[in-house]
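Peer 1: Have a look at this one before I ask anything.
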Amino acid sequence: MLELFLLQIALFSIFPLYFTVLDGPLRRVSYYIYIALVLLIGGFFGNVYSLPVTADITVSGGNICYGAFMMSSVLFVLVERDLFILRHLVRLVLLVDLFNALFSNLAAHSLSHQGITNPHNTSPALFDISTPFIILGGVLIILELLTLLYSFEKLKKYHFNPVVTGFCYILLFITVLCIDGIIFPLLAFGFSQEIINIVFGSLDGKILTASAYAFPLILFTLIRRKSFISYLSTDDFRWTLLLKTSTQLTEEMSEQETYREQADTVFKHTDEGLAIVDNQGKVLRANHALCELLALPISTLLTRTDSIFSLFTYPQRSLELQVLRTLPWRGEITFGDKHHGLLSVTKVESESSKPVTFVLSLVNIDEQKRIQAKLNHLARHDQLTQLPNRRVLDDVIESLQGKAFGLLVVDLDHFKDVNDSYGHAAGDTVLRTQADRLRLLNDEFPDDVLGLSRTGGDEFAILIANLPLLKVTQLINAIQHRLAQVIPLNNQVEVYISATIGASFQAQGENRDLLQEADAGLYEAKRNRRGSYGLYEERLTLESQRKLTVGNKLKQTLQESKVQVYYQPQYCAKTERLVGVEALARWHDDELGWVSPAEFIPIAEETGLIEPLGEFVLKRACEDGAKWIAQGLCELKMSVNVSAYQLRFGQFITTLNNVLKQTEFPVRLLELELTESAYIERENEVLPLLHQLKQLGVRLAIDDFGTGYSSLSYLSKMPWDTLKIDRSFIIGLPDDQEQCKLTATIIKMAHDLNLDIVVEGVETREQLAFVAQRNSQLIQGYYYSPPLAAEALIARIRKEQTSQ
Numbered sequence: 001m002l003e004l005f006l007l008q009i010a011l012f013s014i015f016p017l018y019f020t021v022l023d024g025p026l027r028r029v030s031y032y033i034y035i036a037l038v039l040l041i042g043g044f045f046g047n048v049y050s051l052p053v054t055a056d057i058t059v060s061g062g063n064i065c066y067g068a069f070m071m072s073s074v075l076f077v078l079v080e081r082d083l084f085i086l087r088h089l090v091r092l093v094l095l096v097d098l099f100n101a102l103f104s105n106l107a108a109h110s111l112s113h114q115g116i117t118n119p120h121n122t123s124p125a126l127f128d129i130s131t132p133f134i135i136l137g138g139v140l141i142i143l144e145l146l147t148l149l150y151s152f153e154k155l156k157k158y159h160f161n162p163v164v165t166g167f168c169y170i171l172l173f174i175t176v177l178c179i180d181g182i183i184f185p186l187l188a189f190g191f192s193q194e195i196i197n198i199v200f201g202s203l204d205g206k207i208l209t210a211s212a213y214a215f216p217l218i219l220f221t222l223i224r225r226k227s228f229i230s231y232l233s234t235d236d237f238r239w240t241l242l243l244k245t246s247t248q249l250t251e252e253m254s255e256q257e258t259y260r261e262q263a264d265t266v267f268k269h270t271d272e273g274l275a276i277v278d279n280q281g282k283v284l285r286a287n288h289a290l291c292e293l294l295a296l297p298i299s300t301l302l303t304r305t306d307s308i309f310s311l312f313t314y315p316q317r318s319l320e321l322q323v324l325r326t327l328p329w330r331g332e333i334t335f336g337d338k339h340h341g342l343l344s345v346t347k348v349e350s351e352s353s354k355p356v357t358f359v360l361s362l363v364n365i366d367e368q369k370r371i372q373a374k375l376n377h378l379a380r381h382d383q384l385t386q387l388p389n390r391r392v393l394d395d396v397i398e399s400l401q402g403k404a405f406g407l408l409v410v411d412l413d414h415f416k417d418v419n420d421s422y423g424h425a426a427g428d429t430v431l432r433t434q435a436d437r438l439r440l441l442n443d444e445f446p447d448d449v450l451g452l453s454r455t456g457g458d459e460f461a462i463l464i465a466n467l468p469l470l471k472v473t474q475l476i477n478a479i480q481h482r483l484a485q486v487i488p489l490n491n492q493v494e495v496y497i498s499a500t501i502g503a504s505f506q507a508q509g510e511n512r513d514l515l516q517e518a519d520a521g522l523y524e525a526k527r528n529r530r531g532s533y534g535l536y537e538e539r540l541t542l543e544s545q546r547k548l549t550v551g552n553k554l555k556q557t558l559q560e561s562k563v564q565v566y567y568q569p570q571y572c573a574k575t576e577r578l579v580g581v582e583a584l585a586r587w588h589d590d591e592l593g594w595v596s597p598a599e600f601i602p603i604a605e606e607t608g609l610i611e612p613l614g615e616f617v618l619k620r621a622c623e624d625g626a627k628w629i630a631q632g633l634c635e636l637k638m639s640v641n642v643s644a645y646q647l648r649f650g651q652f653i654t655t656l657n658n659v660l661k662q663t664e665f666p667v668r669l670l671e672l673e674l675t676e677s678a679y680i681e682r683e684n685e686v687l688p689l690l691h692q693l694k695q696l697g698v699r700l701a702i703d704d705f706g707t708g709y710s711s712l713s714y715l716s717k718m719p720w721d722t723l724k725i726d727r728s729f730i731i732g733l734p735d736d737q738e739q740c741k742l743t744a745t746i747i748k749m750a751h752d753l754n755l756d757i758v759v760e761g762v763e764t765r766e767q768l769a770f771v772a773q774r775n776s777q778l779i780q781g782y783y784y785s786p787p788l789a790a791e792a793l794i795a796r797i798r799k800e801q802t803s804q
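Residues in the sequence shown are numbered from 1 upward in steps of one, following the numbering used here.
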């Protein structure tokens, strides 16, 4: 009987194996017809005969047909490389089972009819009993076929060697067929002990049948190895497709085609250079924009044998493929004729087993680099004199630590008198003239002068080489002589400005604070005689004594609440109406006179007095604002400066809540101004505090933008509402074309970031017109008003209300 069993296995196997060599349409038709025939006859063969292969092993005709169906279906899917065939196979099983069930009922009814001719005495029970078995078998066939091919797909994702994968497929095939041999009789006849014994007693026949039908699959993986490997390389199947109707599938295909057309249109017509590349950097596809950026025709890009990444430099070296191992990758590169670009490389995310590809995106950022260079220059240079600023000076001093060099601090004497007497424009002329004169030192002392910068309002710093004292004295005398020359002003007035100089030096291997020491020498020289110079001495304590005096007096003044709060009006650029004020701390001492905020505020920060000082100004400003509202004057936006020390080291948010509660000042009218020192290089520390302030309803403004330390990256990261443009940007308007461009750029940048703009230092009608034309919201400066005491401000408000 073994020979008869093998002949039947061979008969059922030879046809599906033969179909694998046919062409596509004929092959598919042949498989569908063959599988349908196997299903038709298999529905009855289980009851027709059983084949005793050996004395202990018996195989039913139904099992042989079931194995033939599973083997043929698996071969069909493997050779077509399309799991969507499952949809049609499931439908075919349902149709054939329906036909078999109907035919069984009809045949049983016909055989039971008295007038029917039944020459072989076929029992109607043969067909009656077949119907439930056909239905059960059909359900199990569908479930087992789906389970088997689903397991194939999951195993395919592990990308094993094809031989290993094929071996695992065969084991899965045998396992599923054997499981069917157990589940089907148990469901058909029940779970009695007798049935269980029969099922597991005949399990050898199931294993033999499954193993026999595994042989054609083995032949396919060996003989049609390329076809099998091609199946393993196909995209992963979306199993949800089996549940969709034909209409849904058509709609999805139409939608996917629309998406593809849209993506193709974007790819072709975007200004961004795009390319699809393989894992060796070879271009598979590129758009017109990329060809224009690289100045290469599309044919050259597609036929290049080397990587496209060799066309880019990053930084100062060729962009190798190794740089792209960590994806997605994004960086600034150079390409072509020294063009700057932003390059992005992203792996194409897909669950398929196709070769890896990448999307390359290139954007030209030459214009952004040009603007960035201007803004960097702005951040590191004084806009009035175009000299390097304090930030550059600090960087140079840091680089010279441990070396022998000297520092001169040059302060212009009585410069404030020029501003007070002739206005800030005259003061600016003086500063520009003196800066130009100091530049000439580079030509006169090329080996001695290492650097020049403007560090403050009327203060300059000069780095010099380690010189003998006599040479230093000659250099200082030359500086003072040069600066002491008469300066003509525009109004035909001539002024004379002397300079007081402080100097400090460090020897090789030392690491001293030369700027502080040179300042100490400067203050000592000023105390003795303006227009002289002072060399720092080791025990010089004048600066510390001054700080101690100012600190003690400030503490006493705060205890007595004698600090004054002035208000500088802010006007709407469009209506020229008063809409807000900035609260400013002012201090007059009977002994020291008017003490500049530039002096006592840093001392307050160093001595810990900044918290009571800041709380005093905040509370007084809110009290005055609430009082003005109660008096029916007007609602004015109140801007209050907040020190970095208040924000980072104190309980400022608690203080703010208490002040707002006590004064009942509307929180919507309060705006807190912070300079960049409050957040520069402390983003993680300060950002949560700023968000807490925003949650209270307070507005936030970045103050004195562009005065030396501004970092552009913080503009977008911090929750600002307002950007205050420093006076140094306004002083040259509208005559200085370069300053006009830079100011317009900053205004546009603020608008792009949705920030309100307050322009400080507006003193002329022309300056007002320039910034107003560019949609600056608020104007603050001497054109409208200097800072006023509260009484003077109230008088101005009443006067303006009367005139309206």
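For each residue, glycine too, the CB sits at the ideal point set by N, CA and C.
What runs of the beta strand (DSSP E), each 3 residues or longer, lie entirely inside the region 8-91?
Peer 2: 50-52, 58-60
Peer 1: When DSSP labels each residue in this structure, what does methionine 834 get in the three-state scheme?
Peer 2: In the structure as shown, the chain starts at 1 and stops at 804, and residue 834 therefore has no counterpart that could be examined.
Peer 1: Hey, how far is the Cα of glutamate 683 from the Cα of lysine 338?
Peer 2: For the purposes of this step, residue 683 is identified with residue 683 of the sequence shown, where counting begins at 1. For the purposes of this step, residue 338 is identified with residue 338 of the sequence shown, where counting begins at 1. Using only the alpha carbons, I get a separation of about 34 Å.
Peer 1: I'd like to know whether the C-beta atoms of valine 771 and isoleucine 702 end up nearer to each other than 9 Å.
Peer 2: By 1-based counting over the sequence shown, the position of residue 771 is 771. By 1-based counting over the sequence shown, the position of residue 702 is 702. Cβ atoms of valine 771 and isoleucine 702: not closer than 9 Å.
Peer 1: Can you tell me whether threonine 541 is helix, strand or coil according to DSSP?
Peer 2: Here the question's residue 541 lines up with position 541 in the sequence shown. In this predicted model, threonine 541 has a pLDDT of only 49, less than 50, meaning its place in the structure is not dependable; the value taken from the coordinates is given anyway. Of the three classes helix, strand and coil, the one that applies to threonine 541 here is coil, per DSSP.
Peer 1: Between which two residues does the alpha helix (DSSP H) harbouring tryptophan 720 extend?
Peer 2: As a working note, residue 720 is residue 720 in the sequence shown. That residue, tryptophan 720, is in no alpha helix (DSSP H); it is neither H nor E in DSSP.
Peer 1: For glutamine 695, does the three-state DSSP call read helix, strand or coil?
Peer 2: Translated into the one-based positions of the sequence shown, residue 695 becomes position 695. In this structure, glutamine 695 counts as helix in the three-state DSSP scheme.
Peer 1: Return the CA-CA distance between alanine 499 and arginine 454, expressed in angstroms with no decimal places.
Peer 2: Along the sequence shown, one-based indexing puts residue 499 at 499. Along the sequence shown, one-based indexing puts residue 454 at 454. Taking the straight line from one Cα to the other gives about 14 Å.
Peer 1: Given this structure, state the Cα-to-Cα distance separating glutamate 623 from aspartate 721, to the nearest angstrom.
Peer 2: As a working mapping, residue 623 is identified with position 623 in the sequence shown. As a working mapping, residue 721 is identified with position 721 in the sequence shown. Roughly 23 Å separates the two Cα atoms.
Peer 1: Do the region 773-790 and the region 747-765 touch if we need at least three Cβ pairs shorter than 8 Å?
Peer 2: Yes, the region 773-790 touches the region 747-765.
Peer 1: What first and last residue would you give for the beta strand (DSSP E) that runs through serine 344?
Peer 2: Counted from its first residue, the sequence shown places residue 344 at position 344. Here the beta strand (DSSP E) through serine 344 covers 339-347.
Peer 1: To the nearest angstrom, how far is the alpha carbon of glutamate 615 from that of threonine 655?
Peer 2: Taking the first residue of the sequence shown as position 1, residue 615 is located at position 615. Taking the first residue of the sequence shown as position 1, residue 655 is located at position 655. Cα to Cα, the separation comes out at about 7 Å.
Peer 1: Which residues in the same chain have their Cβ closer than 6 Å to the Cβ of glycine 761, if we skip the five residues on either side of it in sequence?
Peer 2: On the sequence shown, position 761 is the one that residue 761 refers to. Only residues of its own chain outside the window of five on either side were considered, and among them Arg727, Ile730, Gly781 have a CB closer than 6 Å to the CB of glycine 761, listed in chain order.
Peer 1: Give the straight-line distance between the Cα atoms of serine 344 and isoleucine 298, rounded to the nearest whole angstrom.
Peer 2: Start at 1 with the first residue of the sequence shown, and residue 344 comes out as number 344. Start at 1 with the first residue of the sequence shown, and residue 298 comes out as number 298. Cα to Cα, serine 344 sits roughly 20 Å from isoleucine 298.
Peer 1: With C-beta atoms as the reference, is alanine 644 less than 9 Å away from leucine 674?
Peer 2: In the sequence shown, counting from the first residue as 1, residue 644 sits at position 644. In the sequence shown, counting from the first residue as 1, residue 674 sits at position 674. Yes.
Peer 1: Grab the span of the beta strand (DSSP E) containing glycine 593 for me, first residue to last.
Peer 2: If you number the sequence shown from 1, residue 593 lands on position 593. Start and end: 593-595.
Peer 1: Give me the Cα-Cα distance between isoleucine 462 and alanine 598, rounded to the nearest whole angstrom.
Peer 2: Here residue 462 refers to the residue found at position 462 of the sequence shown. Here residue 598 refers to the residue found at position 598 of the sequence shown. Whole-angstrom Cα-Cα distance: 22 Å.
Peer 1: How about threonine 209 and isoleucine 41: do their beta carbons lie closer than 9 Å?
Peer 2: Residue 209 sits at position 209 when you count from the first residue of the sequence shown. Residue 41 sits at position 41 when you count from the first residue of the sequence shown. No. Outside cutoff.
Peer 1: In terms of residue numbering, what span does the beta strand (DSSP E) encompassing leucine 672 cover?
Peer 2: Counted from its first residue, the sequence shown places residue 672 at position 672. Where leucine 672 is concerned, the enclosing beta strand (DSSP E) stretches over 670-674.
Peer 1: Would you say leucine 171 and valine 74 are within 9 Å of each other, going by their C-beta atoms?
Peer 2: Translated into positions along the sequence shown, residue 171 becomes position 171. Translated into positions along the sequence shown, residue 74 becomes position 74. Cβ atoms of leucine 171 and valine 74: not closer than 9 Å.
Peer 1: As a quick exercise: from Arg304, Ser307, Glu272, pick the residue whose alpha carbon is nearest that of glutamate 292.
Peer 2: To locate residue 292, count along the sequence shown from 1; it is residue 292. If we check each option's Cα against that of glutamate 292, Glu272 comes out closest.
Peer 1: For valine 698, which residues from the same chain have a beta carbon less than 8 Å from its beta carbon, with the 5 sequence-adjacent residues on both sides left out?
Peer 2: For the purposes of this step, residue 698 is taken as residue 698 along the sequence shown, with counting starting at 1. For valine 698, where only same-chain residues beyond five positions count, the Cβ hits under 8 Å are Leu656, Val667, Leu670, Glu671, Leu672.
Peer 1: Would you kindly check if the distance between the Cβ of serine 639 and the Cβ of glutamine 570 is under 9 Å?
Peer 2: Position 570 of the sequence shown, counted from the first residue, corresponds to residue 570. Position 639 of the sequence shown, counted from the first residue, corresponds to residue 639. Their beta carbons are under 9 Å apart, which means glutamine 570 touches serine 639 by this criterion.
Peer 1: Assign threonine 247 to buried or exposed, taking buried as 16 or more other Cβ atoms, counted over all protein chains shown, within 10 Å of its Cβ.
Peer 2: Within the sequence shown, the letter at position 247 stands for residue 247. Its Cβ having fewer than 16 others within 10 Å, threonine 247 is exposed.
Peer 1: Buried or exposed for glutamine 506, please, with buried defined as at least 16 other CB atoms from any protein chain shown within 10 angstroms of its CB.
Peer 2: Working through the sequence shown from its first residue, we reach residue 506 at position 506. That one is buried.
Peer 1: Mind checking which residues open and close the beta strand (DSSP E) that includes phenylalanine 405?
Peer 2: In the sequence shown, the residue the question calls residue 405 occupies position 405. 405-412 is the extent of the beta strand (DSSP E) around phenylalanine 405.
Peer 1: Ends of the beta strand (DSSP E) at glycine 534?
Peer 2: The residue labelled residue 534 in the question sits at position 534 within the sequence shown. It spans 533-535 - the beta strand (DSSP E) in which glycine 534 sits, taken as one unbroken run.
Peer 1: Which same chain residues, not among the five before or five after threonine 334, have their C-beta less than 8 Å away from its C-beta?
Peer 2: Position 334 of the sequence shown, counted from the first residue, corresponds to residue 334. Only Phe312, Thr313, Tyr314, His340, Gly341 meet the Cβ criterion.
Peer 1: What residue range is occupied by the uninterrupted alpha helix (DSSP H) comprising leucine 289?
Peer 2: As a position in the sequence shown, residue 289 is number 289, starting the count at 1. A small fix is needed here, since residue 289 is alanine in this sequence, not leucine. Residues 288-294.
Peer 1: Going by C-alpha distance, which of Ala750, Thr745, Pro787, Val495 is nearest arginine 370?
Peer 2: Here residue 370 refers to the residue found at position 370 of the sequence shown. Of the listed residues, the one whose Cα sits closest to arginine 370 is Thr745.
Peer 1: Got a sec? Which residues, its chain only, sit under 8 Å from lysine 619 by beta carbon, not counting five neighbours each side?
Peer 2: Looking up residue 619 in the sequence shown gives position 619. Closer than 8 Å at the Cβ level, and outside the excluded window around lysine 619, lie Val659, Gln662, Thr663.
Peer 1: Give me, in chain order, the residues of the same chain whose beta-carbon lies closer than 8 Å to that of leucine 609; leave out the 5 immediate sequence neighbours on both sides.
Peer 2: Within the sequence shown, the letter at position 609 stands for residue 609. Closer than 8 Å at Cβ, skipping near neighbours: Gly551, Leu554, Lys555, Leu558, Ile603.
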